[in-house]
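Asker:
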Amino acid sequence: NAGVTQTPKFQVLKTGQSMTLQCAQDMNHEYMSWYRQDPGMGLRLIHYSVGAGITDQGEVPNGYNVSRSTTEDFPLRLLSAAPSQTSVYFCASSYGLTDSPLHFGNGTRLTVT
Amino acid sequence: GQQLNQSPQSMFIQEGEDVSMNCTSSSIFNTWLWYKQDPGEGPVLLIALYKAGELTSNGRLTAQFGITRKDSFLNISASIPSDVGIYFCAGPEAGSYQLTFGKGTKLSVIP
Chain A
28 NAGVTQTPKF QVLKTGQSMT LQCAQDMNHE YMSWYRQDPG MGLRLIHYSV
78 GAGITDQGEV PNGYNVSRST TEDFPLRLLS AAPSQTSVYF CASSYGLTDS
128 PLHFGNGTRL TVT
Chain B
11 GQQLNQSPQS MFIQEGEDVS MNCTSSSIFN TWLWYKQDPG EGPVLLIALY
61 KAGELTSNGR LTAQFGITRK DSFLNISASI PSDVGIYFCA GPEAGSYQLT
111 FGKGTKLSVI P
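Taken in order, these protein sequences are the chains called A and B.
When we follow the numbering used here, the leftmost residue of the first sequence carries the number 28, and every step to the right adds one.
When we follow the numbering used here, the leftmost residue of the second sequence carries the number 11, and every step to the right adds one.
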């Protein structure tokens with residue numbers, strides 16, 4: 028099983044550029060989420076989805092869009108990149124929120140110059 | 011949202027020593043989760059706790075769900091070099107699908 032696959036692993040953007048971080052899981056998980064990890068800040072929830080067609084905002088949603096057209100995929104879009112969005116981004120999925128473990132991808136390291 | 015206060019922020023210990031870290035919240039949790047993140051990878055679940063007072067072990071790791079439901083502890087016995095990493099506590103906000111993480115405890119083990 029591939030688990031949770033994130034692409035790309037690394038990305039450098041200029042301020043104002045847009046891009047999409049891809050996330051796919053092959054475990055038929057209903058719940059998917061995006062986190063950003065910054066030094067000293069832990070993991071902060073950006074957006075999450077409890078099933079295809081359903082998304083909601085987390086703690087730090089500004090500057091990011093998501094959609095969930097299929098169970099497998101949960102892309103994260105940066106509409107106009109800013110240096111404050113330089114971070115490591117993790118996608119995660121699970122059957123439920125607390126009764127099954129959250130499976131994380133290996134992250135995308137994004138630098139915005 | 012809820013905030014989880016995790017301490018200590020970092021630890022340097024000798025191989026073979028025991029380790030203790032904790033997590034506190036200003037509000038009540040119904041579930042406490044402990045994750046470990048190895049360098050360059052995503053976090054992996056170590057232990058899940060579902061009842062106040064619950065004590066659960068996973069090999070050399072032991073975690074407890076505090077009686078007040080506002081705290082949790084993780085202990086690692088006889089540390090080894092592969093215990094190096096960042097340990098996170100986490101819990102869901104009551105009635106929501108948002109999983110909140112602490113800021114992590116970075117553990118370094120000196121051989």
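Don't be surprised by glycine CBs; every beta carbon is placed ideally from N, CA and C.
Could you give the residue range of the beta strand (DSSP E) that holds valine 31 of chain A?
Answerer: 31-34
Asker: At 3 residues or longer, what runs of the beta strand (DSSP E) sit wholly inside the region 21-95 of chain B?
Answerer: 29-35, 42-47, 54-59, 65-68, 71-75, 81-86
Asker: If contacts are defined as beta-carbon pairs under 8 Å, then serine 92 of chain B and arginine 70 of chain B qualify, I think. What distance do you get, rounded to the angstrom?
Answerer: Actually they do not touch by this definition, with Cβ atoms about 11 Å apart.
Asker: Compare the Cα-Cα distances from alanine 119 of chain A to each of A:Gly67, A:Glu57, A:Ser96 and report the closest residue.
Answerer: A:Glu57
Asker: From the DSSP output, read off the bridge partner residues of glutamine 1 of chain B.
Answerer: Residue 1 of chain B falls outside the range modelled here, since chain B spans only 11 to 121, and no answer is possible.
Asker: Quick check: is the beta carbon of valine 115 of chain A nearer than 7 Å to any beta carbon in chain B?
Answerer: With 7 Å as the cut-off, valine 115 of chain A does not count as an interface residue toward chain B.
Asker: For glycine 67 of chain A, which residues in chain B fall below 9 Å Cβ to Cβ?
Answerer: Gln19, Lys113, Gly114
Asker: Please list, in chain order, the residues of the region 70-89 of chain A that have any C-beta partner in chain B closer than 8 Å.
Answerer: Leu70, Arg71, Leu72, Tyr75, Val77, Asp83, Gly85, Glu86
Asker: Would DSSP call serine 111 of chain A helix, strand or coil?
Answerer: helix
Asker: In terms of DSSP beta bridges, what is methionine 59 of chain A paired with?
Answerer: Answer by DSSP bridge pairing, in chain order: A:Ser76, A:Ser120.
Asker: Go ahead and label valine 39 of chain A buried or exposed: buried means 16 or more other beta carbons lie within 10 angstroms of its beta carbon, across all protein chains shown.
Answerer: exposed
Asker: Give the residues from the region 40-69 of chain A that approach chain B closer than 9 Å (Cβ to any Cβ), ordered along the chain.
Answerer: Tyr58, Ser60, Tyr62, Gln64, Gly67, Met68, Gly69
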